[in-house]
Amino acid sequence: MKKNNTKFRKNKDISSMDVVKRFNISYHVLNHYTNLGLLPISRREGKIRYYNQNIVKKRLKEIRRFMKEGYPLYLIRKKIIGV
């Protein structure tokens, strides 16, 4: 039986459009969080960006929690990625 590790890894990656649909955020917000370094791109294929769905789920949960507590994005960035 042949293992296909590449396929397994890709299954955890979702496109930017899938992130927008699954996590109910706008494309603008996704781009903003990506540019701030809050949501890292795992790979690109042409113009399509792919994100690790587990990281996106965890990070968006953290971002939403901090926003509910009243933190601005620049402080959320410091808390999450330390920059």
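Residue numbers are given in the numbering used here: position 7 of the sequence shown equals residue 680, and the series is strictly consecutive.
Note that beta-carbon positions come from the ideal geometry of N, C-alpha and C, so glycine has one too.
As assigned by DSSP and simplified to three states, the class of residue i
i	result
E742	coil
I698	coil
V693	helix
V729	helix
DSSP beta-bridge partners of residue i
i	result
I714	Paired residues: none, contrary to the question.
Y723	S688 and R716
Test item: CB-CB of residue i and residue j under 8 Å
i	j	result
Q726	I687	yes
L748	V729	no
S689	L703	yes
V692	S699	no
G710	R750	yes
L746	F696	no
Cutoff 8 Å: residue i Cβ touching any chain C Cβ
i	result
I749	The chain inventory of the structure shown lacks chain C, comprising one protein chain alone.
Nearest-angstrom beta carbon gap, residue j and residue i [assumed within contact, 8 Å]
i	j	result
Y723	R717	7 Å
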